[in-house]
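Peer 1: Those letters in the sequence shown? Residues -25 to -1, 1 to 102, per mature numbering (1 follows the signal peptide of the UniProt record, and there is no 0), in order.
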Amino acid sequence: MEPSTSFILTLLFFFFLLNSSSVESMNKNKKLPKPCKTLTLYFHDIIYDGTNAGNATSAIVAAPAWANRTTLSGLMHFGDVVVFDDPITTDNNLHSPAVGRAQGLYLYDRKEVFTATTRVLIRLQLH
């Protein structure tokens, strides 16, 4: 009596299933390499204070009628919209060469505490 095709296919299926599980269990004992690098970038935000237009990287572009539209002073910033175009460097020195730019806006959205919703686009210059 000749074995049927379905019987042979079933045997092959279980054979491959057993082999794949044994290969899987061998890989679990193998230690995977740990990541070897850490990427640390610094975001430098210089807020316009009414006198530093030459080096400011952010400024208030919209604010309620009662707000100070020149500087971010005090604790009440509700409704202020601040845009920024900040350099990103590889160390905490502002004068280091920039590796990218962080661009976006802050929207100060609460009266009770000092909070801001931020939208950021980070653009890195790849060499």
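Ideal placement from N, C-alpha and C gives every residue a C-beta, glycine not left out.
Computed from a prediction, not measured in an experiment: that's the story for all the values here.
Among Pro72, Leu80 and Asn67, whose alpha-carbon lies nearest the alpha-carbon of valine 57?
Peer 2: The shortest C-alpha separation from valine 57 is found at Leu80.
Peer 1: Between the segment 58 to 71 and the segment 7 to 24, do at least 3 Cβ pairs fall closer than 8 angstroms?
Peer 2: yes
Peer 1: If the criterion is Cβ atoms closer than 7 angstroms, does the pair glycine 29 and proline 39 meet it?
Peer 2: No, the Cβ-Cβ distance between glycine 29 and proline 39 is not below 7 angstroms.
Peer 1: Just curious, the beta strand (DSSP E) that isoleucine 63 is in, first and last residue?
Peer 2: 56 to 64
Peer 1: Report the residue from Thr(-16), Ala34, Ile35 and Ala73 whose alpha carbon sits nearest the alpha carbon of leucine 99.
Peer 2: Ala73
Peer 1: Please check the pair threonine 90 and aspartate 84, which I expect to be a contact at CB under 8 angstroms, by giving their CB distance rounded to whole angstroms.
Peer 2: 6 angstroms
Peer 1: Within the continuous beta strand (DSSP E) that includes glutamine 78, where are the two ends?
Peer 2: 75 to 82
Peer 1: Judging by CA-CA distance, which residue of Leu96, Asn67, Leu82 and Thr(-16) is the nearest neighbour of alanine 37?
Peer 2: Comparing Cα-Cα distances from alanine 37 to each of Leu96, Asn67, Leu82 and Thr(-16), the minimum goes to Leu82.
Peer 1: Leucine 96: buried (16+ other C-beta within 10 angstroms of its C-beta) or exposed?
Peer 2: exposed
Peer 1: Please classify isoleucine 21: does DSSP put it in a helix, a strand, or coil?
Peer 2: coil
Peer 1: For the ligand ZN, is there a heavy atom less than 6 angstroms away from the beta-carbon of valine 74?
Peer 2: The ligand content of the structure shown is nil, which means the ligand ZN is not present either.
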